[in-house]
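First the structure, in the form of C-alpha cells, and then the observations on it.
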Amino acid sequence: MVESMPLAKALNAGLRAAMTADDHVLLMGEDIGRLGGVFRVTEGLQAEFGDRRVLDTPLAESGIVGTAIGLAMAGFRPIIEIQFDGFVFPAFDQITTQLAKLTNRHEGALQMPVVIRIPYGGHIGAVEHHQESPEAYFTHTAGLRVVSPSTANDAYWMIQDAVRSPDPVIFLEPKAKYWMKGDVDTAERPLPLHASRLVRRGTDVTLVGHGAMVTTLLQAAALAESEGTSCEVIDLRSLSPIDYGPILDSVRRTGRMVYAQEAPGFTSVGSEVAATVMERAFFALEAPVLRVSGFDVPFPPAKLEGTYLPDADRILEAVDRALAY
Amino acid sequence: MTPPDDPALVRVLAADGTFAPSPEAERYLPLIDALTDAELETLYRDMVVVRSFDRQATNLQRQGQLALWPPSLGQEAAQVGSVRAARPQDHLFPSYREHVVATTRGVDPIDIIRVMRGLTHGGWDPTDPKNGNVHIYTLVLGSQTLHATGFGMGLVFDGRTGTGDVDRDEAVVVYYGDGASSQGDVHEAMVFANTYRTPQVFFLQNNHWAISVPVATQSRAPLYRRAEGYGMPSILVDGNDVLASYAVSRLALDEARAGDGPRAIEAMTYRMGAHTTSDDPTKYRTSDEEQSWARRDPIARMRAYLEGRGAAASFFDEVDADAQAYADDVRVRTNALGTIEPDSMFAHVYSEDHPLMVEQRRWLAAYEASFEKGA
Amino acid sequence: MSEQTFHLPDVGEGLTEAEIVQWRVAPGDAVEVNDVLVEIETAKSLVELPSPFSGTVGELLAPEGQTVTVGAPIITIAGGGGAGDAAASAPAPAEQVAASDDDGGAVLVGYGTGAGATSRRKRPAERGETVRASVGVVAKPPVRKLARDLGVTLSEVTPTGPAGEVTRDDVVRHAEQASVFRNIATPAAPAEREQTIPVSAPAPAAPPVGEREEAIPVKGVRKATASGMVRSAYTAPHVSVWTDVDATRTMELVKRLKASPDFADIKVSPLLIMARAVIWAVRRTPLIGAAWIDKEDGSAEIRVRNYVNLGIAAATPRGLLVPNIKDAQDLNLRELAKALEKLTLTAREGKTTPADQQGGTITITNIGVFGMDAGTPIINPGESGIVAMGTIRQKPWVVDGEVRPRFVTTVSGSFDHRVIDGDGMSRFIADVASILEEPALLLD
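Shown next as C-alpha cells:
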C-alpha cells in the first residue's frame, strides 16, 4: 500500500511497526512521551504502548545512552531519541567507549541492539547547537553503524531495519526534511539498510550525497540539465558501512564525481568517499573527485546558514570545475 | 570526607577482632547471628585466598608476565562481604578491582589475568551461567553505574523483580570508588535509578585514594550523604569489617529486590597497595597513614574474631595452604598462556557481517603472507 | 638440572632499562618462587623483583650500580621449578629489543612504547619492473591506462593537450606510428640518358677516407654476419611469400596474459604468440625446419629435425646475433616467455655465447619493431626458413561484411627452394598467420 506522508510521520509509522513486532522494543528520550517529541516523531506512541515502553527520561543524555546499554544487556532493544544533534555530545563517551566497543569487548558474547535517533543538519533557522552535522565522529568509530534516510519511504523502512540490527546504529534524521512529503510503500522494502541508491540517471557527472543534501543534488541536476549537462545522482543512505557498488559503477561511466554534504569538509564522510573512489576508479577519472561541504567553522548564526550550507549553485560550481578538466 | 567516628557508621568487629557493634549496627545483628560457622569460615577463606591471588598477580607483573595489575589488597572485606550477600540470581557490575567478586561467583581467575596480560579486553562471558552474572570490568570510571541502572530498569520492566519472592527476584549491585563518584555518569545513574526505582545497590568502596588524589578532593561532605539527595536510603559501613559489609549488603539487596527502590552503601576501606603496578604511592602518601590502616586489616580482624570463637589452628593453616595452592595454580597457568591471532581483531567488532571487516582482514592476511617465512 | 635465566622485565612504565640497586640474594642461595631477588630503580621508583623460579642461585649477571637494558639476563637460577615449570624463561610477550636512540617513553599503564624497528621485515624481491617511464608526464588516468594497454611509453609521446598534457589521441597516434626516419630527399637525375658499367672491371681501389666519411673495419661479428649472409644468399635459392592477417585476437590474448598473475613477472608481447605459432606450424610442415646438408662425397641430404631450436634475430651492441631457444617445442607458454625474455636480456647485455647461436632450426626476425610490414630476410645458415614478424597496427579490415578498424599484420618469410616447394612455404606461412588470427587453434 502506497501512502503519501511527511518523513516525520513515516518515522512514526516505522517506529510503531517496530514496537508492534517486538514487545522488547523501547523508546527513550526527552519529551518523547506526552509531548510526542519536539518534532512529533513519537506522537501517539506513549498513549498506544504505555509509559513502560515509551519513556520520558530525565534530562541526561549520557544517562539515557548508558541506561539503554544496561537495558540492552537485560534483553531489550532501546531506540533512543537525542533531541538535537548539538546535544549528543554529553553522551559521546557512552556511545564511543561503551556502546561501540561492548560487543568487541565481550568477544561477541553480548550484542548491543541500540538505535540512537538524532535529528541533524541545518536549514531550519535555529539557534546554536540545533543544526549540527556530527556524522564524522560516529563514522570514525569502529563498532557503530551510521545511516541517514533522505526520503519518507527510506525513513519508514530504515528505522525498522535499524531496530532489527544486533549492532548499535546511529540513525541520523535530516530535520529540515521532517515535513517533506513522500510516497511510502508499506508493502515492499526498497533496499537493504546499508545499500546506496541511484536516484537519477545521467551521463556527465556523478553527484553523491546523503540526508537533506540529496534533495539539493536533485535540484542541481535539474538546473544542470537545462544547461545541457546530464548529472547522475546517488543517495549514499548508509554512511558506515558505505556501499560503493553503485557509485563506482556510475563513476566508471561518467568519469567525474562531486560529493556534497552539509558537514564541514575537513576529515568528513565526503573525504572518505572521494579517497576511496579515487583509489578504486582511478583509471576512469577524467577529473579529480570534488567535494562541496560546509566551511570548517562552527555552524554560524542562522542568518548566515544560507551562505554556509552548500546549495545548488555551490554544487553546480563544482560540476563546472569537474567538467573543465 | 567521612570522619572516622561518624555516628552513621555500621560496624560489628573492632579492629582487634572483638565483637563490638556500633549503634547503627543493631538492626543488622539478626543477619549476622544467622551466619553459620561454615559461612563465617568461608568469609575468612575468601579473603585470604584472594589476597594470595592478588600478591601472586602482582609478582607476575614484576616478572614480566602481565602488563599491569590493579591490586585489591586491603579491600577484601568490603568485596567479600558484599558478594556473599548477593543471591545467585543477582547481577554484579564491577569496576576493575573487584577480583574476589568475580572469582567467588565463578569467574576463573585466569580470565582476569588474561585481561591484564593484554590478551583480551573482556575476559569472560557474563551471559554464561558459570560466571555467576558478573559483568566484565569497566575501565572508564563510573560508566558501569549507568549500565547497572539500565539493567535494573530492564528487571523492573520485565517483572523479574519486586514480586516478593526473595529467591527469584533479581537485584543489581554496582561497584565503584571514591574517585569515580565524581563522574557525571554516577550522578545520572542515581537519578535514573530513583526515577525508575531499580532493584539496585550502589556499592561505593571509599578506599581513600584515586591514584594520587585523596578523597577529600572528591568531596567535602561524606560521600554516603549524597545518596539521600537522590531520594534513596544510604548506609555507611566499615568496609574492613567483613561481617558488617555482608550484613548491610544483604539487607540493602533484599529491600531493593522487594521493590523498595535503590540503595547506596559507602564502605570505608583503604587501598593498601598502589593504584596499579605502575604507580608509586611513596610519592603522595605517608607510610604512617599506611601503617594506621594496616592496623585495621580486614583479614587479621576476622582471624582474631574466629580465634576468639575457638577456631582451630589447623583451620588457619589449611586456609593458608589452600591460598598458596590457588596462587601457584594461577602462576603456572599464567606462564603457559599463549597469544592471540591478529585477525581476531576483526571478529567481533560487529555482530553482523560488515564489508570493511572482510576487506581489512583479507588485506592483513595477504600482507602477512607476502613476507618471507619467519620474517 | 636445568638452569633458568631471568631477564629484566618491563615493569610497566614503558621502560627500556633499570639500575640494579641491591641484590637480595647471592650465588648459592636457595630461593623459592616469589622470593625477592633484587631491588631495581626505574626512571620513577624502586621496585622489588620476585623470583619466577625456585632453585639455587647460579650467577648474578649484573653488578649493583649497573644500568641494565630491559630484556637483558640478570640472574641464573639452577635446578628448580617455577615459572611455567616448562615454559620459557624470557618474560613474554615483551619484545627483547636492544635499546636505541628512539626508545619509547614512559607510560602509566601497559607495556610501554618500546623501541622502534631497526630493520625491515623481508619480503620476496619485488616483482615486475617499476614503470618510471610515465613519471613527470601530464596525462589523465584513463590516458595512462590506454598507454599501458597499447604498450606506449608516455614520455616518448608528443603532447598536444591544452595544458600540455598527453591526450588520448596523442597516445593512439603514437601507437600507430613507426618511429622511422624517412629521408625523402632525392638526388637530381644525371644529365646522360644512359651509362655503361663494365662488368669485368676490377673493383676500384677504395678511395682514401676524407673528412666527410668514416671507415669501419669489418671484423668480428660484422665479418661473420657478412660472410654468413653471402654464403646463405648465394647458396640457397631464396623465395619469399607473405600474407596479411587480422591479429586482433592475438592482441587481446596478449593483454589478458599481461593482466594474469601467472605472467605478472614476465614480459609478454605478440612475439610470444608468434613464437608459439612458428613452433606449431613447423610441426605441421616439418621440411621448414629441415637443413640442406652437402656431404663430402658430393651428395646431399635434407635432414629433417624433429625438434625446434627457435632462433630470434637480435640487434645487439655487438651486432646482429641469432641466439636460439633449444627445444622450444617442449616449453609451455610461460616457459617460452621466460626463455624469450632471458634471450633478449642476455643479448642486450652482450653476453650471448657461441653455443647459444649454434644448432638453430628456424629463425624469427622481428622487423615490426622498426615499423616494417614485411620483408625478404636472408635465411640463417644451417636453416631452411626464416619468418619475418611485421608491425601490428590498426587498419581497416572487413569483419562480418563491415569495414572496421582491426589490428592487422603481415607474416612474411624466406625459404630455401631446394628444401621446400611453394606449397610447403605457403602452407607454413598460412599456418603461422592462422594462429595470429585465432590463437585458440593452439589448443589443438
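Chains as they are written, first to last, in my numbering: chain G, 5 to 329; chain X, 3 to 377; chain R, 715 to 1158.
Even glycine gets a Cβ: it sits at the ideal position worked out from N, Cα and C.
Chain R within 9 Å of residue i, Cβ atoms only
i, result
"residue 433 of chain X", "Here chain X comprises residues numbered 3 to 377, so residue 433 of chain X is not present and cannot be evaluated."
"residue 14 of chain X", "no"
"residue 329 of chain G", "yes"
"residue 284 of chain X", "yes"
"residue 259 of chain G", "yes"
Buried/exposed call for residue i, threshold 16 Cβ in 10 Å
i, result
"residue 1072 of chain R", "exposed"
"residue 53 of chain X", "buried"
"residue 700 of chain R", "Absent from the model: residue 700 of chain R. The displayed extent of chain R is 715 to 1158, so no value can be given."
"residue 980 of chain R", "buried"
"residue 311 of chain G", "exposed"
"residue 111 of chain X", "buried"
"residue 248 of chain X", "buried"
"residue 842 of chain R", "Low confidence applies here, because residue 842 of chain R scores a pLDDT of 44, under 50, leaving its location unreliable and the question unanswered by this model."
"residue 5 of chain G", "exposed"
"residue 55 of chain G", "exposed"
"residue 78 of chain X", "buried"
"residue 2 of chain X", "For chain X, the structure presents residues 3 to 377; residue 2 of chain X sits outside this window and is missing."
"residue 62 of chain X", "buried"
"residue 253 of chain X", "buried"
Where residue i falls: helix, strand or coil (DSSP)
i, result
"residue 9 of chain G", "strand"
"residue 269 of chain X", "strand"
"residue 937 of chain R", "helix"
"residue 105 of chain X", "helix"
"residue 369 of chain X", "helix"
"residue 179 of chain G", "helix"
"residue 32 of chain X", "helix"
"residue 248 of chain G", "coil"
"residue 242 of chain G", "strand"
"residue 851 of chain R", "coil"
"residue 737 of chain R", "strand"
CB contact check: residue i to chain G, cutoff 9 Å
i, result
"residue 110 of chain X", "no"
"residue 823 of chain R", "In this prediction, residue 823 of chain R has a pLDDT of 48, which is less than 50 and means its spatial position is unreliable; what the coordinates show is noted afterwards. Not closer than 9 Å to any Cβ of chain G, the Cβ of residue 823 of chain R fails to qualify, so no."
"residue 933 of chain R", "no"
"residue 339 of chain X", "no"
"residue 972 of chain R", "no"
"residue 854 of chain R", "yes"
Minimum Cβ-Cβ distance from residue i to chain X less than 9 Å
i, result
"residue 724 of chain R", "yes"
"residue 763 of chain R", "yes"
"residue 94 of chain G", "yes"
"residue 759 of chain R", "yes"
Discussion item. Residues of the region 168-182 of chain X in Cβ contact with chain G at a cutoff of 9 Å, in chain order, please.
Written reply: 174
Discussion item. Beta carbons nearer than 9 Å to chain R: which residues of the region 347-377 of chain X have them?
Written reply: The residues in question are 372, 373, 374, 376, 377.
Worksheet item: Got a sec: which bits of the region 245-273 of chain X sit with their beta carbon under 9 Å from any beta carbon on chain G, in order along the chain?
Response: So the list is empty, because no residue satisfies the distance condition.
Worksheet entry | Contact set between the region 102-128 of chain G and chain X, restricted to residues whose Cβ is under 7 Å from the partner | 102, 107, 108, 109, 110, 111, 112, 113, 114, 115
Discussion item. For the region 1131-1157 of chain R, list every residue whose C-beta sits within 7 Å of some C-beta in chain X, in sequence order.
Written reply: none
Practice prompt. Could you pull out every unbroken beta strand (DSSP E) segment of at least 3 residues lying fully inside the region 1042-1120 of chain R, listed in chain order?
Written response: 1076-1080, 1099-1103, 1107-1113
Discussion item. Quick check for students: name the residue ranges of the alpha helix (DSSP H) that lie wholly in the region 286-337 of chain X, counting only runs of 4 or more.
Written reply: 289-296, 300-310, 315-337
Practice prompt. Compile a chain-ordered list of the residues in the region 159-175 of chain G whose CB is closer than 8 Å to at least one CB of chain X.
Written response: 169, 170, 171
Worksheet item: Going along the chain, which residues of the region 277-299 of chain G sit with their C-beta nearer than 7 Å to a C-beta in chain R?
Response: Listed in sequence order: 286, 287, 288, 289, 290.
Discussion item. Along the region 863-877 of chain R, where does the CB come closer than 8 Å to a CB of chain G? Name the residues.
Written reply: none
Practice prompt. Write down every uninterrupted run of the beta strand (DSSP E) in the region 937-1022 of chain R whose length is 3 residues or greater and which is fully enclosed by it, in chain order.
Written response: 952-960, 1005-1008, 1014-1017
Practice prompt. With 9 Å as the C-beta to C-beta threshold (strictly closer), list the residues of the region 67-91 of chain G near chain X in chain order.
Written response: 67, 68, 69, 70, 71, 72, 73, 74, 75, 76, 77, 78, 79, 80, 82
Practice prompt. Return the chain-ordered ranges of every beta strand (DSSP E) run that is complete within the region 32-98 of chain G and spans a minimum of 3 residues.
Written response: Taking 3 residues as the minimum length, the beta strand (DSSP E) runs contained wholly in the region 32-98 of chain G are 58-60, 81-85, in order along the chain.
Worksheet item: Can you list, in chain order, the residues of the region 136-147 of chain X whose Cβ is nearer than 7 Å to any Cβ on chain G?
Response: 138, 142, 145
Practice prompt. Please list the residues of the region 53-66 of chain X that have a C-beta atom closer than 9 Å to any C-beta atom in chain R, keeping them in chain order.
Written response: 57, 58, 60, 61, 62, 63, 64, 65, 66
Practice prompt. Note down, in chain order, all residues in the region 312-334 of chain X with a beta-carbon under 8 Å from any beta-carbon belonging to chain R.
Written response: 330, 333, 334
Item to complete: Could I get the ranges of all uninterrupted alpha helix (DSSP H) runs contained in the region 142-218 of chain X, with 4 residues as the minimum, in chain order?
Response: 145-159, 186-198
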